[in-house]
Structures are given as C-alpha cells and as structure tokens.
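Novice: I have a structure I would like to understand better, so I am pasting it below and will then ask my questions one at a time.
Protein chains: 2
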Amino acid sequence: MTPVACKDCPLRTLELFIPHTPEQLALIQSLKRGQINVQAGQTIIHEGQSDALLYTLWAGWAFRFKTLSDGRRQILNFLLPGDFIGVQQKMSEALSHGVQALSDTQLCVFSRDALWDLHRSQPAMGFNLTWLTAQEQSVVDDSLLSVGRRNAEERIAALLIVLFKRSAAMLPDAGEGGVPFPLTQQHIADALGLSLVHTNKTLRKLERRGLHHIENGLLFMKDGKALARTADLYGDGKPAPRPLI
Amino acid sequence: MTPVACKDCPLRTLELFIPHTPEQLALIQSLKRGQINVQAGQTIIHEGQSDALLYTLWAGWAFRFKTLSDGRRQILNFLLPGDFIGVQQKMSEALSHGVQALSDTQLCVFSRDALWDLHRSQPAMGFNLTWLTAQEQSVVDDSLLSVGRRNAEERIAALLIVLFKRSAAMLPDAGEGGVPFPLTQQHIADALGLSLVHTNKTLRKLERRGLHHIENGLLFMKDGKALARTADLYGDGKPAPRPLI
DNA sequence: CGACGTGTTGATCTCTCTCAATTAGAGTGG
DNA sequence: CCACTCTAATTGAGAGAGATCAACACGTCG
C-alpha cells in the first residue's frame, strides 16, 4: 500500500481525535519509520521482548495480554485504531506483555527514540503522551473492577458496552447497523477472567434476553439501557477526544 | 511539621529513586503548594471528584480504588512513598477512582497545572512523568493477570511478594526483620477480588505452610522461593529505579 | 472429504462465597 | 479497674457461581 502522510491520515477526520498543529504533524511524520501489516492472530510484540519498537495502530484491532507459565492467558485491553503501542517498555525494560492482532491490522512504526524526541521537541506532545498513557491505564482500571468485583453477567455487559462505544466512534454513523466486533468468545473469556464455556452460556443468556446480538463479526446493541443497568455502568455518551500520535 | 526542601527530601537518598539535576529539583520545589497529613482510613481524593490536586506521597501507604453502586470495592493498586497521585484526572475529566490513606500519610501538594509546567519547562521531567505513568499501569496489569487468571492461593502469594519488595525498598536493610505491612485482610481481599473469609483461610493456609508470617503490621518472608513458585512469579530482585516528582 | 476453529449445550465438580459464631485486642467511659 | 463497644482475625457449614469434562453442530479450507 502507498504510505499516507501523517497530516492526511484518514483517522484524523474522526471527531474522536483532537487536531494537531502543522509543526506537531511534521514532527510525527519525521519520526515515522514505516508501516507494516500484521494479519489476524499474528503477534505484533512478543511477551518478554526487550527491543520492541513503537507503533500506532491505524487499521484493525489488537490486544495486549499476559500469560502464566502454564498457558493461562489474560487479555489486558483491546487496541483500536488510534491506539499507541509500546510506551510501557521504554527505558531498557523488557516488555512484560505481548501484543497480538485481533483482525488484520496496519501499523505505523516509530523508532524507540521517538518517545523522547516527542517530549523534547514538542512538550505539548509529551503532555499528550502522558495523558494517553493515563487514559489507557484507566481502561485497565475499569477492567480490574470488572474482573475483581462483577459477576459473569455484569462483566460481559460492561465489556460489550465499552467496546460498542469504542467501535462506534470509528464509524460515521453511530453504529445503528451494528459495529465491527472481531472478538471470538475465547477473547471475551480471556479478557474477563472467565472460562470459555461459561462465557458462552452467559452471552447466550443476555442475547436471548434481547440485550444484544452478535453476528458475522458485528455487534448490535438491542437494549443499551438494560445492558448498562446489568453492568452497573453509569457511562455517558462518547469517549473523550484524544490525541493521535 | 516543618516542610523540607525538595532537594533535601529524605526519600531521595534511597537508591530506589534516580537523581535529578538542581534545575529539576528547583522546578519541582517551585510547583509545590504545601504539605498535608492524612490519617489512616481518611480519604485523600473522593471517587468522582473533578477538582483534585496533584500529590506526591512521601510518608505512609495509600491505595486507589473503585466501587460499584452497591458498595463492592476494588482496590486498583497500593501507593507507597514516592508515588505520584492524580495524573489520571487531568484534562477536566472527573477522576473515576478514589484514593484513601492506608496508614497515616504525609503528602506534598502540587497545583493542577504542575503537570503541564513540568512538561513545558523540563521535557526530561515530562518524559519521567510518562514513564512513571506507564510504570504504574504495569502494576495494574499485573493485578489484572492475578485477579483474572490466578486462584486465591496464587493471588495472595503474588501480592505478598510484590508488596514485600516494594516495602523493603524503603528500608536501609533488605527487610530481614520484616517489612511494614499496614494492610488488613479486607484490603487484601478487595485488592484480589476475593471475599474476606476466603482471604483469611487462604492466608492462614500459606502461613501454616511456613511461607510467610504477618504480625503487628510487619510482613515476614519465610520462604520466598516457595511463595514465588506458588505465585508463578519469575521476578528478579529490586524494583527499577524511578524518578521522584 | 477430513481437519480445524468456533459456537453451543448438558452434566458434574469444586473453588469461592455467604451466613453465622467466636476470639482477641484496643479504646472509652464510669 | 471493669463493663462495653468496635475492629480485625478466625473457623465451621452450607450454598452457588463458575470451572471442567464431553459431545455435537456448523462453516471454512486445503
């Protein structure tokens, strides 16, 4: 594919992302090293890898995860277009989690020095990075609340709501006709700390109750109110606008 | 108490913290607005509060938490001296978690603009902030792995190890005679997504097996190897040196 | 067409929760 | 100095949410 200039990145037209100055865009452009495609199921960063680069996901979904030595896997969070990958592992630390593509993805690649260059040349961008990192943490915070204190039904409802909103934010319409949802039930189970079987049964229960519907990689919100109620989620509407590095 | 100049902060003598330049120290000093004491059990930041300041904890322990509307509480992570509090809520976002003192604490207070000032005046400090935020996230990542995929015994072993190391890093010796451990079993339960009763029983089981011992607010590591084995934790030794804002 | 990945459902099993009761220590007030 | 109260730790018993085991359906693909 032909690389697109950062300033013309189609993602930037979404209202999910805040505008940047020409200087900032030029800086990002100058730090960009290339683009890569990673197919669904392939690993973007290996668990324990210490020389990983930085990436911005700009098409497709991915997820961060950790595993125990016997293979039990925990998905830490899902990555959607616009998400920045690899901040955690800077500073000569081995990355303690892996990143894997959920659907076919395309990523912009940055050198590892980009983090520091951003801070040095454009403090405003550095500030954005801190904000982005804090933002991602709060996503993990929410997951921890779910996995620690919600039952299976509540966890699934909460996850569906959050992912629906994030997925819908990528669309021109508001997701009336369903939103892309590339997760298998195994992914849902691994994100929520549930077994595959119990995930399936709970998912079916909610679906039979008419709260949602999943078909062909699309998620339909059939009763958002009810879902929010069972999840004990007092979420507002859209996600906060964010910087796109 | 008489305020101590940042450059003379006793915490900085610990090898846990990396040295800063005189300019950086002066900047931190200039952003400091005061000091406060918060007693054990008191709230430092309320859940949902939107005008919270920034703090650096410099004595005592605290924790971040979230609650569901029916009162179920999840502790997100524990805060020890040197931890920075409040990055999450910048940018006119309501803070979605609370912070509470675990023991009697003392905190340095910074204005909310400090975050931006740090980035603008000292990009290196801004970089540190990003790193610190990423660091804290990886702590939560670890918790999520525990709560999602480890059983009660494994979770408790993992928590004890991690907190032992963090607590020991505050000490001149390496914690031979036990390390401060101000948690009640309820805190452990809320951090690990377990019930109080089951936490107690599991804790006793490990203790009877001779893996650890808790007494009078002190934690003793009696068989670190065995604890690490049951936790499936391949941790090295000391925590990575970090900036102190 | 057989192998494989994903989804579905039923039948057990068990880890963890809930309920309940007891003990011990710290603090308080008369 | 002793009742009284509160918090934290402890232990037993029964219940239940979720795990594990097993089987089958369906679509895709080499």
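These protein sequences, in sequence, are chains A and B. The numbers in our numbering rise by one with no breaks, and the one at position 44 of the first sequence is 44. The numbers in our numbering rise by one with no breaks, and the one at position 74 of the second sequence is 74. Using N, Cα and C, we set each Cβ at its ideal position, and we do this for glycine too.
Please confirm if B:L11 has its CB atom under 8 Å from at least one CB of chain A.
Specialist: For the purposes of this step, residue 11 of chain B is identified with residue 11 of the second sequence, where counting begins at 1. Chain A contact via Cβ: absent.
Novice: List, in order along the chain, the chain A residues whose C-beta lies closer than 7 Å to that of B:Q88?
Specialist: In the second sequence, counting from the first residue as 1, residue 88 of chain B sits at position 88. The contacting residues are A134, Q137, S138.
Novice: Tell me whether A:D232, by its Cβ, gets closer than 7 Å to a heavy atom of the ligand ZN.
Specialist: Absent from the structure shown: the ligand ZN. Ligands present: none.
Novice: Can you tell me whether A:V4 is buried or exposed? The criterion is at least 16 other CB atoms within 10 Å of its CB, across all chains shown.
Specialist: For the purposes of this step, residue 4 of chain A is taken as residue 4 along the first sequence, with counting starting at 1. Answer is exposed; the Cβ neighbour count stays below 16.
Novice: For B:E176, which residues of its own chain have a beta-carbon under 8 Å away from its beta-carbon, when the five flanking residues on both sides are left out?
Specialist: Here residue 176 of chain B corresponds to residue number 176 of the second sequence, with the count starting at 1. The answer is none, since no qualifying residue turns up.
Novice: For B:M125, which of helix, strand or coil comes out of DSSP?
Specialist: As a working note, residue 125 of chain B is residue 125 in the second sequence. Reduced to three states, the DSSP call for B:M125 is helix.
Novice: Curious, which full-length alpha helix (DSSP H) runs of at least 4 residues does the region 119 to 201 of chain A contain?
Specialist: Runs found: 123 to 149, 152 to 168, 185 to 192.
Novice: Keeping to the same chain, check which residues put their C-beta closer than 7 Å to that of B:A59; ignore five residues upstream and five downstream.
Specialist: Start at 1 with the first residue of the second sequence, and residue 59 of chain B comes out as number 59. Only P81, T105, Q106 meet the Cβ criterion.
Novice: Is B:S92 buried or exposed, if buried means 16 or more other CB atoms sit within 10 Å of its CB?
Specialist: Reading the second sequence from its first residue, position 92 is the one you call residue 92 of chain B. In this prediction, B:S92 scores a pLDDT of 49, lower than 50, which makes its location untrustworthy; the coordinate-derived value is nonetheless stated afterwards. By the 10 Å Cβ count, B:S92 comes out exposed.
Novice: Is there a Cβ from chain B that is less than 8 Å from the Cβ of A:P123?
Specialist: By 1-based counting over the first sequence, the position of residue 123 of chain A is 123. Yes, because at least one Cβ of chain B sits closer than 8 Å to the Cβ of A:P123.
Novice: Does the distance from the C-beta atom of B:Q137 to that of A:T56 stay below 8 Å?
Specialist: If you number the second sequence from 1, residue 137 of chain B lands on position 137. If you number the first sequence from 1, residue 56 of chain A lands on position 56. No, these two residues do not count as a Cβ contact at 8 Å.
Novice: Smallest Cα separation from A:Q35: which of A:A169, A:A240, A:L53, A:F127?
Specialist: One-based indexing of the first sequence puts residue 35 of chain A at position 35. The residue with the shortest Cα to Cα distance from A:Q35 is A:L53.
Novice: To the nearest angstrom, how far is it from the Cα of B:A191 to the Cα of B:L183?
Specialist: Within the second sequence, numbered from 1, the residue matching residue 191 of chain B stands at position 191. Within the second sequence, numbered from 1, the residue matching residue 183 of chain B stands at position 183. Those two C-alpha atoms are separated by around 10 Å.
Novice: Please list the partners that B:S69 has in chain A, where partner means a Cβ-to-Cβ separation under 7 Å.
Specialist: Residue 69 of chain B sits at position 69 when you count from the first residue of the second sequence. Near B:S69 (Cβ distances below 7 Å), the residues of chain A are D232.
Novice: Can you give me the Cβ contacts of B:L102 inside the same chain, cut-off strictly under 6 Å, excluding the 5 residues immediately before and after it?
Specialist: Your numbering for residue 102 of chain B matches position 102 in the second sequence. Answer for B:L102: W61, A62, F63, P182, listed in chain order.
Novice: For A:S143 and chain B, any beta-carbon pair shorter than 8 Å?
Specialist: On the first sequence, residue 143 of chain A is found 143 positions in, with the first residue counted as 1. Judged by the 8 Å Cβ criterion, A:S143 is in contact with chain B.
Novice: Only counting the same chain, and skipping five residues up and downstream in sequence, which positions put a Cβ closer than 7 Å to that of A:R150?
Specialist: Taking the first residue of the first sequence as position 1, residue 150 of chain A is located at position 150. Excluding residues within five positions, the ones whose Cβ falls inside 7 Å are A158.
Novice: With a 10 Å radius around its C-beta and 16 neighbouring C-beta atoms as the bar for buried, classify B:E154 as buried or exposed.
Specialist: Residue 154 of chain B sits at position 154 when you count from the first residue of the second sequence. Counting Cβ neighbours within 10 Å, B:E154 comes out buried, since at least 16 surround it.
Novice: Against chain B, with Cβ distances strictly below 8 Å, would A:T130 count as a contact?
Specialist: By 1-based counting over the first sequence, the position of residue 130 of chain A is 130. Yes, contact with chain B.
Novice: Taking buried to mean at least 16 other C-beta atoms within 10 Å of its own C-beta, is B:A174 buried or exposed?
Specialist: Here the question's residue 174 of chain B lines up with position 174 in the second sequence. Answer is exposed; the Cβ neighbour count stays below 16.
Novice: Alpha carbon to alpha carbon, how far is A:G178 from A:F17? Give it in angstroms, no decimals.
Specialist: In the first sequence, the residue the question calls residue 17 of chain A occupies position 17. In the first sequence, the residue the question calls residue 178 of chain A occupies position 178. Whole-angstrom Cα-Cα distance: 22 Å.
Novice: Would A:F127 count as contacting chain B if we go by Cβ distances under 8 Å?
Specialist: As a first step, residue 127 of chain A must be located in the first sequence, where it is residue number 127. Answer yes: the Cβ-Cβ gap between A:F127 and chain B drops below 8 Å somewhere.
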